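**Student:** Offset between the sequence shown (1-based) and my numbering: plus 4. Glycine included, C-beta positions come from ideal geometry on N, C-alpha and C. The structure displayed is predicted, hence computed values, not measured ones. One structure is given below, represented as structure tokens, and several questions about it will come after.
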Amino acid sequence: MPSSFIDLRSDTVTKPTNEMRQAMFDAEVGDDVYGDDLTVLKLQEMAAKLLGKEAALFVPSGTMGNLICVLNHCSQFGSEMILGDECHIHIHEQGGCATLARVHSRTVPTQSDGTLLLKDIEQRIRIEKDNDHFPVTKLVCLENTHNRMGGKVLTVEYIESVGKLCQQYGLKLHMDGARLMNAAVKLDVEPAKLVQSCDSISFCLSKGLAAPVGSLIVGTREFILQSKRLRKVLGGGMRQAGVLAAAGIISLTQMPKLLKLDHENAKLLAEGLSKIDGCEINPEKDVQTNMVFFLLNSDKLRMDAQTFANILKNDHGILVSVPGKFKCRFVTYYMITKDNIEYVVEQVRHILENNKNII
Ligand SMILES: Cc1ncc(COP(=O)(O)O)c(C=O)c1O
5 MPSSFIDLRS DTVTKPTNEM RQAMFDAEVG DDVYGDDLTV LKLQEMAAKL LGKEAALFVP
65 SGTMGNLICV LNHCSQFGSE MILGDECHIH IHEQGGCATL ARVHSRTVPT QSDGTLLLKD
125 IEQRIRIEKD NDHFPVTKLV CLENTHNRMG GKVLTVEYIE SVGKLCQQYG LKLHMDGARL
185 MNAAVKLDVE PAKLVQSCDS ISFCLSKGLA APVGSLIVGT REFILQSKRL RKVLGGGMRQ
245 AGVLAAAGII SLTQMPKLLK LDHENAKLLA EGLSKIDGCE INPEKDVQTN MVFFLLNSDK
305 LRMDAQTFAN ILKNDHGILV SVPGKFKCRF VTYYMITKDN IEYVVEQVRH ILENNKNII
């Protein structure tokens with residue numbers, strides 16, 4: 005996509021900063037499959053420390069990170085995991101946990117704040133371990149921030165309550181923390197505190213943290229050792245990966261402090277959109293971090309979200325994602341400025357005013 009576009013489809017479109025590009029150029033590298041890449045080792049150590057766990061593993065993507073963790077926790081044949089019906093693992097990862105990990109998914113309705121009700125989780129835990137009809141519950145997965153629920157943040161207290169439930173039933177707790185740093189910044193808590201009750205975490209460097217590639221899995225030393233084996237069989241053993249890890253180190257040291265501004269810009273954008281007739285969004289309730297979901301009112305407007313997205317792109321140079329027939333999503337990140345936001349609001353206003361239903 006030409007850089008002249010204002011691309012608000014996702015924070016995955018972030019480009020590496022100049023500091024990252026320089027660090028990539030300068031990176032000390034080795035063969036990471038042999039454990040020889042000092043830059044990867046440094047990144048992994050930093051990630052483990054940041055999340056207060058024993059060890060970490062650099063993996064190519066969040067999807068692979070989640071898959072490895074599920075494979076690892078659910079290695080017993082006939083395992084089941086409990087997870088939200090709107091979570092990324094269930095909806096957007098090609099069903100890899102079923103096809104590759106052969107793990108059965110038991111879903112729970114996702115609440116609008118991204119949580120799963122404790123009673124819903126508990127109801128689905130298979131307590132009759134000797135009953136041959138049932139798979140064996142092994143794992144609960146949460147997502148923070150929650151993508152499809154609009155970048156909503158799970159609190160420390162909530163995660164701890166799920167952690168306690170897991171402990172009570174001898175289950176593991178996995179956190180898909182693709183945007184965990186957004187949650188930590190929003191709550192103003194140490195990332196380690198946010199995941200203290202989790203057995204494993206996968207978090208992404210290549211979203212709001214702006215690295216070109218990569219995620220990290222974090223957990224116990226034993227869990228990470230086994231995860232390294234699984235990464236290899238999935239084709240994720242990367243050789244001179246220090247070139248990528250060098251950018252990841254900048255992600256961890258320099259980028260989290262910029263996320264607050266992304267959240268402010270998202271709120272500004274939501275406030276602007278909420279004042280446009282036909283555009284439905286509640287900035288206070290709907291926007292907590294860097295995601296701005298809004299609906300086009302189909303009674304007031306004679307256009308669906310895809311038509312809107314086409315006009316926005318072709319006539320105004322702005323990119324939006326279209327997660328539903330009348331649903332749109334903007335995501336802010338470090339390259340998006342306040343001026344960009346003001347421009348986007350004005351262009352949206354212009355389009356919607358010119359596409360009102362004539363009654
Ligand atoms: C919540 C969540 N988990 C996992 C992923 C997967 O990350 P990746 O695109 O690196 O595979 C994403 C990607 O957007 C995500 O939003």
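Alpha carbon to alpha carbon, what distance is there between asparagine 301 and lysine 190?
**Tutor:** Near 30 Å, if we compare the C-alpha coordinates of asparagine 301 and lysine 190.
**Student:** Glutamate 84 and histidine 108 look like a contact to me (Cβ under 8 Å); what is the Cβ gap, rounded to whole Å?
**Tutor:** Yes, glutamate 84 and histidine 108 are in contact; Cβ-Cβ is about 4 Å, under 8 Å.
**Student:** Return yes when at least one heavy atom of ligand 1 lies under 7 Å from the C-beta of glutamate 357, else no.
**Tutor:** No, the beta carbon of glutamate 357 sits no closer than 7 Å to any heavy atom of ligand 1.
**Student:** Which of the three DSSP states is assigned to leucine 122 in this structure?
**Tutor:** Correct three-state label for leucine 122: helix.
**Student:** For isoleucine 221, which beta-bridge partners are listed by DSSP?
**Tutor:** The partner list for isoleucine 221 (beta bridge, DSSP) reads Leu61, Ser206.
**Student:** Tell whether a beta-carbon distance below 8 Å holds between isoleucine 228 and alanine 59.
**Tutor:** Cβ atoms of isoleucine 228 and alanine 59: closer than 8 Å.
**Student:** Assign phenylalanine 81 to one of two classes, buried (16 or more other C-beta atoms within 10 Å of its C-beta) or exposed (fewer than that).
**Tutor:** It counts as exposed.
**Student:** Is any non-hydrogen atom of ligand 1 found closer than 7 Å to the C-beta of histidine 178, if you look at the structure I gave you?
**Tutor:** Not under cutoff, so the answer is no.
**Student:** Counting pairs of beta carbons, one from the region 236-255 and one from the region 309-327, are three or more of them closer than 8 Å?
**Tutor:** Contact fails: fewer than three Cβ-Cβ distances are below 8 Å.
**Student:** With a threshold of 7 Å, establish whether the CB of glycine 100 neighbours any heavy atom of ligand 1.
**Tutor:** Not so, every heavy atom of ligand 1 lies at least 7 Å from the Cβ.
**Student:** Can you tell me whether DSSP reads glutamate 49 as helix, strand or coil?
**Tutor:** DSSP places glutamate 49 in helix when its eight states are reduced to three.
**Student:** Keeping to the same chain, check which residues put their C-beta closer than 7 Å to that of cysteine 78; ignore five residues upstream and five downstream.
**Tutor:** So the qualifying residues of the chain are Met85, Ala105, Val107, Lys142, Leu143.
**Student:** Using 10 angstroms around the beta-carbon of threonine 257, count the other beta-carbons present and answer buried if the total reaches 16, otherwise exposed.
**Tutor:** Threonine 257 comes out exposed.
**Student:** Can the beta-carbon of valine 166 be found closer than 8 Å to that of isoleucine 125?
**Tutor:** Yes; because the gap between Cβ atoms is below 8 Å, this pair is in contact.
**Student:** Would you kindly report the start and end of the unbroken alpha helix (DSSP H) that includes glutamate 357?
**Tutor:** Note, glutamate 357: alpha helix (DSSP H), 342-357.
**Student:** Measuring straight from C-alpha to C-alpha, what distance separates glycine 181 and glycine 88?
**Tutor:** Cα to Cα, the separation comes out at about 14 Å.
**Student:** Give me the Cα-Cα distance between leucine 42 and glutamate 32, rounded to the nearest whole angstrom.
**Tutor:** Cα to Cα, the separation comes out at about 7 Å.
**Student:** For a test of the three-state rule: what should DSSP assign to threonine 111, helix, strand or coil?
**Tutor:** Three-state DSSP puts threonine 111 in a strand.
**Student:** Find out if the Cβ-Cβ distance for the pair glycine 212, methionine 185 is shorter than 8 Å.
**Tutor:** For glycine 212 and methionine 185, yes; Cβs fall inside 8 Å.
**Student:** With distances taken from CA atoms, which of Ser65, Met339, Arg128 is nearest proline 20?
**Tutor:** Out of Ser65, Met339, Arg128, Met339 has the C-alpha closest to the C-alpha of proline 20.
**Student:** Verify the contact flag: glycine 39, CB atom, against every heavy atom of ligand 1, threshold strictly below 7 Å.
**Tutor:** False, no ligand heavy atom lies under 7 Å from that Cβ.
**Student:** Run through DSSP, which three-state label would phenylalanine 138 get?
**Tutor:** Reduced to three states, the DSSP call for phenylalanine 138 is coil.
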